[in-house]
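>
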Amino acid sequence: MARRAQRGVLPVVGALLLAFLVVPVVALVVTATPDDLRHGLAHPLVWPALRLSALTTTASLVIVVAFGTPLAWTLARSSGRAARLAETALELPVVMPPAVAGVALLLAFGRRGLLSEVLDPLGLSPSFTTAAVVMAEVFVSAPFFVQAAIAAFRRVDEALIVVARTFGASPLRVFFWVALPLAAPGLLAGAALSWARALGEFGATLMFAGNFEGRTQTLPLAIYTALEADLRVAQALALVLVAAAFLLLLVVRAVLARTLRPAEAAP
């Protein structure tokens, strides 16, 4: 009886944390009436922020996938100390506070930053522009894609790569025709997580790009601005972000389930 009672305690303790995580999201949904949503979404602050978020997150995702996929493949195929150090460096933006990330970007690419002597002669000053929003989103979201891509590439059967090389396939051909198709589900899941992180980025964007409507004001910044004047607008925007995040999580779970199912079915 005592052992059974002890086993019953653990689910209850876990349920408390689950409730703590779920209740705020439920409150966000159930306290919004249809009239509140219509009023919030009709505010002039909303659609410029939606358009800018769609534009910048798409651009950041394209950059992350285009540059992160070759990087992940290289690191997945390497085993030296330099590769492990590079993987550790890639994880820094994940644990770095967003405000710190924004200051770091400003000190690197700002008008008086580390690279200003290189950028100024070219007429490039990305800080407090739409480009700065994209840079901030790339900085904070790239680790999510690269780490997922590394794991996906490491799951590719080495024997298939060896066979392809034996038949005379070049390293690029092996990458595009063997590794990429086999790792595609993991890459897709990583891309979804990366896009979700970029969509929710706030601190680094505020510090490096500012909060200028139509130019650098993304959805999270619009929520921050609206909260000072109209809670209904902030709630409507928050619901848009929650819905997008929920759909992305469903995509990621479906992709991962499809990826793991063959492995579980294998003898």
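Residue 367 is where the sequence shown starts when you use my numbering, and the numbers rise one by one after that.
C-beta: ideal position from N, C-alpha, C; glycine also.
Computed from a prediction, not measured in an experiment: that's the story for all the values here.
1) Look at the Cβ atom of Val430, then the Cβ atom of Ser536, and state whether they are nearer than 8 Å.
2) Please tell me whether Ala425 and Val500 are closer than 8 Å, where the distance is taken between their beta carbons.
3) In whole angstroms, what separates the C-alpha of Leu490 from that of Arg478?
4) Keeping to the same chain, check which residues put their C-beta closer than 7 Å to that of Phe541; ignore five residues upstream and five downstream.
5) Alpha carbon to alpha carbon, how far is Ala385 from Leu607?
6) Look up His409 in the DSSP assignment and say whether it is helix, strand or coil.
7) Assess contact between the region 507-524 and the region 466-485, defined as three or more Cβ pairs (one per stretch) separated by less than 8 Å. Is contact present?
8) Work out the CA separation of Gly468 and Pro509 for me, nearest whole Å.
9) Return yes when the Cβ of Ala408 is within less than 8 Å of the Cβ of Thr584, no when it is not.
10) Whole-angstrom Cβ separation of Ala442 and Ile516, contact assumed at under 8 Å?
11) Quick test of your reading: Glu457 and Ala502, contact by CB under 8 Å. State the CB separation rounded to the nearest angstrom.
12) Would you mind stating whether Ala518 and Ala575 have Cβ atoms separated by less than 8 Å?
13) On the three-pair Cβ rule with 8 Å, is the region 594-605 touching the region 384-401?
14) May I ask you to report which of helix, strand or coil DSSP gives Leu490?
15) Note down, in chain order, each residue of its chain lying with its Cβ closer than 6 Å to the Cβ of Gly446, except the 5 sequence neighbours on either side.
16) With burial defined as no fewer than 16 other Cβ atoms inside 10 Å of the residue's Cβ, what is the status of Thr532: buried or exposed?
17) Is there at least one non-hydrogen atom of the ligand HEM closer than 7 Å to the beta-carbon of Trp439?
18) If you draw a straight line from the alpha carbon of Ala465 to that of Thr454, how long is it in whole angstroms?
In short:
1) no
2) yes
3) 12 Å
4) Trp439
5) 21 Å
6) coil
7) no
8) 16 Å
9) no
10) 5 Å
11) So it is not a contact: roughly 18 Å between Cβ atoms.
12) no
13) yes
14) coil
15) none
16) exposed
17) Although the ligand HEM was asked about, the structure shown includes no ligands whatsoever.
18) 20 Å
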